[in-house]
Each structure stands twice: as structure tokens, then as C-alpha cells.
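> Structure provided below as C-alpha cells; questions to follow.
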Amino acid sequence: MSKGNISVQAENIFPIIKKFLYSDHEIFLRELVSNAVDATTKIKTLAQKGEMKDELGDIKIEVKIDKENKTLHIIDKGIGMTEDEVNKYLNQMAFSSAEEFLSKYKDDATIIGHFGLGFYSAFMVADKVDVITKSYKKDAPANIWSCDGNPEYTIHPHDKTERGTEIILHINDENKEYLEEGRIRELLNKYCKFLPVEIKFGTKTESTWEGEGEDKQEIKTEVDDIINNPHPIWKMKPADLTDEDYKKFYNELHPFSQPPLFWIHLNIDYPFNLTGILYFPKLTNNFEVQKNKIQLYSNQVFITDDVKEIVPEFLMLLHGVIDSPDIPLNVSRSYLQSDSNVKKINTYISKKVSEKLQSLFETDRKSYEDKWKEISTFVKYGMISDEKFNEKAMGFALLKNLDGAHSTLEEYKEKVKATQTDKHNKLIYLYANDPKAQHSYIKAAKDYGYDVLEMDTIIDNHFMQHIEYKGNEVTFVRVDSDTPDNLVQKDETKESVLSQADQDKVKDIFTNNVKNLGMGHIELKPLSPTDHPVTITKPEFMRRMKEMQAMQGMDMGMFPDSHNVVINTNHPLIADKLVKMKSEDKKADFANYLHDLALLNQNMLKGEELSAFIARSLEFVK
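Under my numbering, think of the first position of the sequence shown as -1, with each following residue one higher.
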């Protein structure tokens, strides 16, 4: 038996690293600036521990472009490297100095890099890379390391006198975009916005005013343009923050957005480390566009806004940031790996959100009800998609009726069970999704003593189905799905004032003469004389399926657009007027007119048919 080590030839792996180390070439800037932050963090740690005797001085990181020479520079005043360290960390691939430093100072420093491959991302955009470095160690001379993208490199002495490292990227022709100020500023703003060390990118002009009255003068000063906020509020204690601090930070994340409804400050150090702030935004009905508004950071370095493994699906509508060094990342820091920690974080976030909502409901119900319109999408979406959240939300999910009264699910059950329990002992929850268009149906339902809910959000169809499915012995019925007497089916029968023969005549009149019957099905019912003479109803099941189908972008032809034309045989216009008309033409005209009125009531009379109806109506009043 023999043992050995697998040998990896640098000349074979280098082209792979250059082309495929990261899915996005732009990541190189994040990696190099993160390395500079690490070097700065290390020198601060050594200074705090007394192992570095010199003054720290100005430790900001600088990024600058030299267009003339086609170079991009990342400069830090951190720990620097000796020649031996250059050989150790730059020439031995994947030997991360961060790992070694962490093992020695794990309780004193937060180091971003762990893999040791980030530096090589520079070769994705550069033909040549120079590293000029000088260690903090007094007797260590400065050196310049150069490599043109193949395994060969050179190290020479350099005249650099200041502690730190300067990385110079000689940008290749394919990546000239990284010599443009706008592009680099965009990347710095995206990936480095909250890094814990100040990052300078050029200068800017600031104005101050001196003197008073006519002597008042504007003084313009050129200052460093610091592109990042090194102390984001998610790293602070909630007790030290005001509501204005949270709103200001939200505006920093999402400029020109409406103020958030409220927020949750996350802070946990066991069994994993996680900080962050999640904001509840004001939502539009089209909430799909709101996704990807939660940013994931690792030690204040932006990683991604695709956080579906970490954040429960229903909370993807939230805005904010999550920062955790314990979230496992692959070598590129671009894709999350599903492991036990990620699942724990997912559960923790869901738990914190449910606790926050429960607390708001219990401590200030009035304020909670005022916000319910916006909150409801989150809660309903969560109940549908997450069983544990559903259990907790049963206590703070609300139903709102058309009078503006809010009730929990249990409260509403008690409220309507006396009047809206049908003959099968099922609770019937009546609702409207367009109160203006459905006004006459709502009025009719209320005249019967029924309560009507407002269910007008994009998710309500799914939510109603969810509540029904959960075995609550509840059925949701829209107010225009049936005649008012039959919305809640009772053991009551009404007699028609018309004989069977007269009823058959009425049905024939409508069947043979109504011109725009379409997919309507004629039905005769002995309703109250005060109910409408003709009513258009849309069966609940078919209509709901059709709406859900449309919401999902499916072919709506699967469910035909059918409706019922219900003729009230007890209405005077039917029982007394229509039946007694002598002229067949007048019967036909009158039936069409009553049918058009019913269509108009359902907002189904449009275009040419609406114009014709108006013309006939004018003839009637002459």
C-alpha cells in the first residue's frame, strides 16, 4: 500500500480561476476591498493589544482610477506583508491569512475573508496585477509582487515607506468599464456601502457659510468623498436608537420610498450570530415587484439580495438587511448552501415576525387595526405558506367588514353564527371585493340582516380557500354569487304568485327573446317582491377558480364565464306587468330591458350594448 498527495498544477488551475472563480466579474472589487478591510482590522487589533507601537494614523481605504495608465488601485494602511508573507499568502493558492489570524485573535477581530481565493478574482479583469506592500514590522522592507496572469511572478524591493498595501490592477481591454468612475462608484455603493472602515473614492465639494447679511459668503472646501457608512444602525443597540434613526436608515436603503409601517430589530448571538433590521413597507396590490428588497451581508459586506433560503417565502415582501457571519457561503460568497444553520435562521426570523405582530396587536389594537390594510398581505401570505406561522397568526389575523369593524377569526365566528349558519350547520361568510360595483347586492344582503366582509386584496382568494381548507366549517360566499335569500341557505320555502303555466311562459319569453344572454342560464325563483325583478349571479366556485386562474397568468378559457339570470316571479314587474302584456313585441322589449338592467348592475353591460340600452331607455321616458 502506498500513500501520497494529489498534485494540482498551477498552470492548469489558473485559467479556471481567471474565468470561472466567480459568476460575476464585478465581484473582484468586493473581494479586494474586503481584503483591505481585513488588513485594516488586523492592524487595529494589534494596536489595541499593544503589539503595534506606532500611531494608527489615517486608516481609511482608498480606491482610485488612473485612466491614462489603465489601472485601478485599492490602497490600504493596514497590516501589510513581509516578503515571506507575500510568498506564503499570494504564492500558495487558497492559503488564507484570515484563517491564520483568526485562529490567533478570534476573540478580538472580525475578519471577512476565509477562503484565500478572493485575491485571484483580480485576474478576471486585469492582464497584470501588482501588489506593493510594507509590513507594520519596523525592520521589514517594502516589496512589489507582480504577476501577469500565469503561474510566474516576480518579487522586488520597493521604495514604499508607509505601512500597508496597494493593489494595482492593469485592466484588460475586455473590461474597460472598470476604468469608468460611474461604474466603480456603482459597485462600491452596491458591495461596500456598509463596510466597517471608511472608503475614499475621489473628492467632493462641501459648502459652508460665513458671516451675516451682505457679508455672508459661501466657502467651498474640497474633502474626501467617503462612499460608505461604517456604522450602520443594525450594529447598534435598539435602546440607543429612535424611530427617526430607523426611518432615516430605511430612506438610506430605499430612497424616495414611503415611510415603513414598522420594523423589527434582529439581534441574536446563540446558536448563531445574526443582526439586522426588517421593515414592513407599504405594499401595492401588485406585490410581486416588491421582492428582493432584503439585502444579505456578512460582516457588513454585501453578499446578495436573493435570500430565499434564509428568509421564509412570505417574508420576502419585507425590506431591510440581515448580517450574519454564520451563514454558510461557497467560495464566491454568491450562493447560499442549505444547511442546519440556514434553517435555524429561517425559523428564527419567522418567530420574531410573529412575536412582533402579536405584540403590536396586544399592546395597541387600535393602531394595529389602522395598519391592517397594509399588514394583511404579509399575515395572509404567511398563514397560507407557513404552518407554524399560521398557528400563531390565528390570534392576530383580522377580518374587516364593510362598516370598518375588525374582528379576529374567532371573534367573527361568534359575531355571525346566529344569523349566518346555514341548514347544513356551516358558517357562511359573505364578502365583497368591489363595494362600489356590488353595492346593490351588499344592500340586499344587509337587508336580510347579514354582515358583509371586505376581501379586496390580490391574495384574498387564496386566503379564503386556506381558511375553508383548515376545517373551520366556514364557507366564503361573494354577495353577488346568489340571490339574497339563498346566500345563506335556510329551511325556508317561498311560494310563487304565478301558476306553473305562467312561470313557463315567463321563462319562454326570456329564453326566446333576450338578445345578449350569452353564457347566462335562466332560473326562476319566488323571491321577495322587494328584491330585483331580474338578478345576475355568478356561481362562487366557477368565478373564484377563474379569478385564481387569471392571477396565475393561466389560460382563462379553462373555466367559461358563466352566470345565472334569476327571474323573480313574485316581483310586480314580472307577475303583474310582463305576464299580462298582450303584445309579444312589447314582452320581448320589456324582458330585454329588465335583463339589461341586471347586466348593468353587474357592470356587464358595455360598448355597443350599453349604447343601445341608453337609446331604448330614452324611448321609454318619451
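Cβ coordinates follow ideal geometry from the N, Cα and C atoms, glycine included.
(1) Using 10 angstroms around the beta-carbon of Met517, count the other beta-carbons present and answer buried if the total reaches 16, otherwise exposed.
(2) Between Gly274, Lys280, His229, which has its C-alpha nearest Val309's C-alpha?
(3) Measure the Cβ-Cβ separation of Ile59 and Leu70 and say whether it is below 7 Å.
(4) Evaluate Trp261 with the Cβ neighbour count: other Cβ atoms within 10 Å of its Cβ, from every protein chain shown; 16 or more gives buried, anything less gives exposed.
(5) If you run the structure through DSSP and keep just helix, strand and coil, what is Glu493?
(6) Which whole-angstrom value is the C-beta distance of Lys350 and Leu264, which I expect to be below 8 Å?
(7) Locate the alpha helix (DSSP H) running through Asp171, then write down its first and last residues.
(8) Note down, in chain order, each residue of its chain lying with its Cβ closer than 8 Å to the Cβ of Ser438, except the 5 sequence neighbours on either side.
(9) Please name the residue, chosen from Thr80, Lys68, Pro155, that lies closest to Val127 on a Cα-to-Cα basis.
(10) Classify Ile217 as buried or exposed, calling it buried when 16 or more other Cβ atoms lie within 10 Å of its own Cβ.
(11) Quick one: Cα of Lys503 to Cα of Met579, how far?
(12) Going straight from the alpha carbon of Met88 to that of His156, what length do you get?
(13) Examine the Cβ distances between the region 520 to 528 and the region 448 to 462 and report whether three or more of them are shorter than 8 Å.
(14) Using alpha carbons as the reference points, say which of Glu220, Val84, Val61 lies closest to Leu186.
(15) Provide the residue(s) that pair with Tyr429 in DSSP beta bridges, ordered along the chain.
(16) Quick check on this structure: which residue in Ala442, Lys444, Arg476 has the alpha carbon closest to the alpha carbon of Asp458?
(17) For Gly162 versus Gly76, is the C-beta distance shorter than 7 Å?
(18) List the whole-angstrom C-beta distance separating Ser296 from Ile325, where the pair is believed to meet the contact cut-off of C-beta under 8 Å.
(19) Determine the contact status of Lys191 and Asp222, defining contact as a CB-CB distance below 7 Å.
(20) Alpha carbon to alpha carbon, how far is Arg28 from Leu251? Give it in angstroms, no decimals.
(21) Find out if the Cβ-Cβ distance for the pair Pro323, Asn249 is shorter than 7 Å.
(22) Quick check on Phe588: does DSSP put it in helix, strand or coil?
(23) CB-CB under 7 Å to Tyr572, same chain, minus the five flanking residues each way: which ones, in chain order?
(24) Tell me, please, which residues DSSP counts as bridged to Gly318.
(25) Are the beta-carbon atoms belonging to Thr375 and Leu281 less than 7 Å from one another?
(26) At which residues does the alpha helix (DSSP H) containing Phe394 begin and terminate?
(27) Counting along the chain, where does the beta strand (DSSP E) carrying Thr69 start and finish?
(28) Quick one: Cα of Glu606 to Cα of Ser560, how far?
(29) May I have the straight-line CA-CA distance separating Asn514 from Tyr427, to the nearest angstrom?
(30) With distance defined between alpha-carbon atoms, name the residue in Phe508, Tyr429, Leu313, Lys421 nearest to Ile373.
(31) Once DSSP output is grouped into helix, strand and coil, what is the label at Ala613?
(32) Only counting the same chain, and skipping five residues up and downstream in sequence, which positions put a Cβ closer than 8 Å to that of Gln256?
(33) Does the Cβ of Ile275 lie closer than 6 Å to at least one heavy atom of the ligand ZN?
(34) Give the range of the alpha helix (DSSP H) segment to which Thr509 is assigned.
(35) Within this structure, are the beta carbons of Glu81 and Asn141 separated by less than 7 Å?
(36) Is Lys158 closer than 7 Å to Lys132 when the C-beta atoms are compared?
With the structure as the only source:
(1) exposed
(2) Selection Gly274, Lys280, His229 evaluated against Val309 yields Gly274 as nearest (Cα-Cα).
(3) no
(4) buried
(5) coil
(6) That belief holds up - the Cβ atoms of Lys350 and Leu264 are roughly 6 Å apart, short of 8 Å.
(7) Neither: Asp171 is in no alpha helix (DSSP H) and is coded neither H nor E.
(8) His530, Asn599
(9) Here the closest residue by C-alpha is Lys68.
(10) exposed
(11) Straight through space, the alpha carbons of Met579 and Lys503 are spaced by roughly 12 Å.
(12) Residue 88 is actually Leu in this sequence, not Met. So the alpha carbons of these two residues sit roughly 17 Å apart.
(13) no
(14) Val61
(15) Residue pairing by DSSP puts Tyr429 in a beta bridge opposite Leu451, Arg476.
(16) Arg476
(17) Yes, they are a contact pair.
(18) 7 Å
(19) no
(20) 19 Å
(21) no
(22) helix
(23) In the sequence under discussion, the amino acid at residue 572 is Ile, which differs from the Tyr named in the question. Once the five neighbours on either side are set aside, the close Cβ partners of Ile572 are Val504, Pro531, Ile565, Asn566.
(24) DSSP output for Gly318 lists Leu276, Ile292 as bridge partner(s).
(25) yes
(26) Where Phe394 is concerned, there is no enclosing alpha helix (DSSP H), given that its DSSP letter is neither H nor E.
(27) 69 to 74
(28) If I take the Cα positions, the gap works out to 21 Å.
(29) 32 Å
(30) Here the closest residue by C-alpha is Leu313.
(31) helix
(32) Pro279, Lys280
(33) Among the ligands in the structure shown, none appear at all, so the ligand ZN cannot be discussed.
(34) 498 to 511
(35) yes
(36) yes
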